[in-house]
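Undergrad:
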Amino acid sequence: RKEVEQDPGPFNVPEGATVAFNCTYSNSASQSFFWYRQDCRKEPKLLMSVYSSGNEDGRFTAQLNRASQYISLLIRDSKLSDSATYLCVVNYTGTASKLTFGTGTRLQVTL
Amino acid sequence: DAGVTQSPTHLIKTRGQHVTLRCSPISGHKSVSWYQQVLGQGPQFIFQYYEKEERGRGNFPDRFSARQFPNYSSELNVNALLLGDSALYLCASVTGTGFFTTSTDTQYFGPGTRLTVL
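So the protein lines, in turn, are chains A and B. This note's numbering applies: residue -13 is where the first sequence begins, and numbers increase by one. This note's numbering applies: residue 528 is where the second sequence begins, and numbers increase by one.
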């Protein structure tokens, strides 16, 4: 089983739609969680950190369910500029902070 | 403030050669991590350095090595290049001690070095 699993998509949604991505992780000792956004051939950029049960930033809401070991990202009122790959990231801190990335979920927002 | 810088941006090498990639973290950040991103996959952790010491290593062969300098910049070296080493190599600058223990701890990626091995 992969450490971090995401549906690769693509998710094709019209502008203004609400879309949700789920991500599951296998290490129950994972301590912190992130969503990154990556545009084609660019570096990942931090979208949101999730340290407690959830976080909200404008149109973006992340939720964490430790019991079921999944994290979700909800995007409301999708914009064309939201088109990107969304990477779910899980951190387990042992002797190092090793961020483990999912393969990403591709979102395409259309007119 | 300058973000994370990496050089070179692109590199083409042939099998068996050696490559050195460079990274300068954000000013004030003492921890640097390296990741490899193969097309269609998420980044994979290679190394983390903090205060010039290797703190952690991912599942990569000994052909991969790195170091961190007193000014916190870092180099990633790959020997005996294989075709499968073709990837985007990302350097990340990590806040604080490099452990993600508070809600303000985060990691910023540089633009990456795109390595092609022929």
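Every residue, glycine too, gets a C-beta built ideally from N, C-alpha and C. Bear in mind that the values here come from a model prediction, so they are computed numbers and not experimental data.
#1: When we look at the beta-carbon of HIS537(B) and count the other beta-carbons within 10 Å, is it buried (16 or more) or exposed?
#2: Would you check if the distance between the CB atom of LEU93(A) and the CB atom of VAL5(A) is smaller than 8 angstroms?
#3: Run down chain B in chain order and give the residues with a C-beta less than 9 angstroms from the C-beta of ASN8(A).
#4: When the Cα atoms are used, what is the spatial distance from TYR37(A) to GLN17(A)?
#5: Please compile the residues from chain A whose C-beta is within a distance smaller than 7 angstroms of the C-beta of THR633(B).
#6: Count the other CB atoms within 10 Å of the CB of ASP612(B); is the residue buried (16 or more) or exposed (fewer)?
#7: Does any CB atom of chain A fall closer than 8 angstroms to the CB of PHE627(B)?
#8: Taking all protein chains shown into account, decide if ASN13(A) is buried (16 or more other Cβ within 10 angstroms of its Cβ) or exposed.
#9: Relative to the C-alpha of LEU548(B), which residue among PRO638(B), THR633(B), LYS540(B) and GLU602(B) is closest?
#10: Using the beta-carbon count (16 or more within 10 Å), is VAL565(B) buried or exposed?
#11: Is the region 588 to 599 of chain B in contact with the region 59 to 66 of chain A, if contact means three or more CB pairs nearer than 8 angstroms?
#12: In the DSSP assignment, find the unbroken beta strand (DSSP E) run with PRO0(A) in it and report its ends.
#13: Is it the case that the Cβ atoms of SER58(A) and PHE7(A) are separated by a distance below 8 angstroms?
#14: Nearest CA to the CA of TYR562(B): which residue from HIS556(B), ILE553(B), TYR576(B) and SER554(B)?
#15: Using only CA atoms, which one of CYS550(B), GLY567(B), SER560(B) and PRO552(B) lies nearest to GLY(-5)(A)?
#16: Tell me which residues share the same chain as ALA70(A) and place their Cβ nearer than 7 angstroms to its Cβ, disregarding the 5 neighbours each side in the sequence.
#17: Keeping to the same chain, check which residues put their C-beta closer than 7 angstroms to that of ASP68(A); ignore five residues upstream and five downstream.
#18: Mind checking if PHE636(B) is an interface residue toward chain A, Cβ cutoff 8 angstroms exclusive?
#19: Going by the beta-carbon positions, is the gap between GLU646(B) and LYS557(B) smaller than 8 angstroms?
#20: Rounded to a whole number of angstroms, what is the C-alpha to C-alpha distance between ARG542(B) and LEU642(B)?
TA: Taking the geometry as given:
#1: What you label residue 537(B) is simply residue 10 of the second sequence in a count that begins at 1. Exposed is the call here.
#2: As a working note, residue 93(A) is residue 107 in the first sequence. As a working note, residue 5(A) is residue 19 in the first sequence. A contact, by the Cβ cut-off of 8 angstroms.
#3: As a working mapping, residue 8(A) is identified with position 22 in the first sequence. Neighbours of ASN8(A) on chain B: none; closest Cβ ~15 angstroms, over 9 angstroms.
#4: Along the first sequence, read from residue 1 onward, the residue named residue 37(A) stands at position 51. Along the first sequence, read from residue 1 onward, the residue named residue 17(A) stands at position 31. Taking the straight line joining both Cα atoms gives about 8 angstroms.
#5: Residue numbering aside, residue 633(B) sits at position 106 when the second sequence is read from its first letter. The answer, in chain order, is LEU32 and SER35.
#6: Your numbering for residue 612(B) matches position 85 in the second sequence. Result: buried.
#7: Along the second sequence, one-based indexing puts residue 627(B) at 100. Yes, its Cβ sits closer than 8 angstroms to a Cβ of chain A.
#8: Taking the first sequence and counting its residues from 1, one reaches residue 13(A) at position 27. So ASN13(A) counts as exposed.
#9: Sequence index remark: in the second sequence, residue 548(B) carries index 21 (1-based). Of the listed residues, the one whose Cα sits closest to LEU548(B) is GLU602(B).
#10: Mapped onto the second sequence, residue 565(B) falls at position 38. The residue is exposed, with fewer than 16 neighbouring Cβ atoms inside 10 Å.
#11: No, they do not touch.
#12: Here residue 0(A) is taken as the residue at index 14 of the first sequence, counted from 1. Counting along the chain, the beta strand (DSSP E) containing PRO0(A) begins and ends at -3 to 0.
#13: Numbered from 1 along the first sequence, position 72 holds the residue referred to as residue 58(A). Numbered from 1 along the first sequence, position 21 holds the residue referred to as residue 7(A). The answer is yes: Cβ separation under 8 angstroms.
#14: Taking the first residue of the second sequence as position 1, residue 562(B) is located at position 35. The shortest Cα separation from TYR562(B) among HIS556(B), ILE553(B), TYR576(B) and SER554(B) belongs to TYR576(B).
#15: For the purposes of this step, residue -5(A) is taken as residue 9 along the first sequence, with counting starting at 1. Among CYS550(B), GLY567(B), SER560(B) and PRO552(B), the Cα nearest to that of GLY(-5)(A) belongs to GLY567(B).
#16: If you number the first sequence from 1, residue 70(A) lands on position 84. Hits under 7 angstroms: ARG23, GLN24, ASP25 and LEU93.
#17: On the first sequence, position 82 is the one that residue 68(A) refers to. Closer than 7 angstroms at the Cβ level, and outside the excluded window around ASP68(A), lie ILE61, LEU93 and VAL95.
#18: As a working mapping, residue 636(B) is identified with position 109 in the second sequence. Chain A contact via Cβ: present.
#19: With chain B running from 528 to 645 in the structure shown, residue 646(B) is simply not present.
#20: Along the second sequence, one-based indexing puts residue 542(B) at 15. Along the second sequence, one-based indexing puts residue 642(B) at 115. So the two alpha carbons sit approximately 12 angstroms from each other.
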